[in-house]
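A short write-up of the structure that comes next.
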Amino acid sequence: MNAKELKKYDLIIQIGNALPEESGLVGLFTELANNDFQTAVEMWEYKMTMHVTELSHMATAKNLESAVWDALANKSDARLKQLLADSAPLQKLIYTNSATVATGANLTYLTQLILASKIEPASEILRLVAANKNVDFGDSFKIILDDVFKTYCQKSGTAVPSLNRKQTMMLLEFALKIKGPNKNLLVQRIKELG
18 MNAKELKKYD LIIQIGNALP EESGLVGLFT ELANNDFQTA VEMWEYKMTM HVTELSHMAT
78 AKNLESAVWD ALANKSDARL KQLLADSAPL QKLIYTNSAT VATGANLTYL TQLILASKIE
138 PASEILRLVA ANKNVDFGDS FKIILDDVFK TYCQKSGTAV PSLNRKQTMM LLEFALKIKG
198 PNKNLLVQRI KELG
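Numbering (my numbering), first residue to last: 18 to 211.
Given below as structure tokens:
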């Protein structure tokens, strides 16, 4: 076994033994990503799985989901997105179990899927967000919709977003699932696009 492999296994053990809210956890993931990116993503999934109940606490979720996502994205955003797209368990941990859903990088990723008309993966993630018991789906969906509209307008240099029929229908489908005061407002905003 060479020095690189020894370091990888040492980092795996350190990450496994670290508490999910420990401040040094992100540094360990960064170091592991520099050594073996795929293993770092697999350990991220493992660590969140081992601490799935703690992901409902915002401070833990910020450290274990948001901060680690940012660290991995800084190393290779494209590879991270590909590995995330291929991992239904990782998506579930982020979008159904974490209190940080619809914030930061996970919000940006979902917005990019919607605006790229990747309807099937975007719809699956929205389904996972709707199943998240740590947040109100109406509030989360409003944040998502606001980000989609803002991002579209910034990229196109317009004041009003213009989405295609598939995007609009998908968003409308999820807006209709909202229970509470946001439902009518969000349904109306989406209908005005069509």
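Where a beta carbon is used, it is the ideal one built from N, C-alpha and C, also for glycine.
Residue i versus residue j - alpha carbon distance
i	j	result
I161	M18	47 Å
F158	A192	7 Å
N52	W61	14 Å
L203	A119	16 Å
F154	L110	16 Å
P178	L130	16 Å
K194	L89	33 Å
S73	S83	13 Å
E22	K167	45 Å
M67	E39	15 Å
P198	T125	25 Å
Residue from the options whose Cα sits closest to the Cα of residue i
i	options	result
T128	T120, S134, V165	V165
K208	A95, L189, N199, K200	L189
L132	I111, C170, F154	C170
L210	A147, N201, N181	N181
I142	N123, L100, L89, Q99	N123
N114	G174, T77, K135	T77
V218	T70, A95, K167, M75	Since the first residue of the chain shown is 18 and the last is 211, residue 218 is not available in this structure.
Q99	F54, V146, A20	F54
Residue i, buried or exposed, once every other Cβ within 10 Å from all chains shown has been counted against 16
i	result
P106	exposed
L36	exposed
I12	Nothing about residue 12 can be read from this structure; the chain reaches only from 18 to 211.
Y26	exposed
E137	exposed
Q184	buried
Q108	buried
M187	buried
K64	buried
T117	buried
A139	buried
Closer than 6 Å: residue i CB and nearest the ligand NAP heavy atom
i	result
E59	As presented, the structure is devoid of all ligands, the ligand NAP included, so that no description of it is given.
Taking only runs that begin and end inside the stretch 100 to 172, name each unbroken alpha helix (DSSP H) of 4 or more residues, in chain order.
Runs of the alpha helix (DSSP H) inside the stretch 100 to 172: 105 to 109, 121 to 132, 136 to 147.
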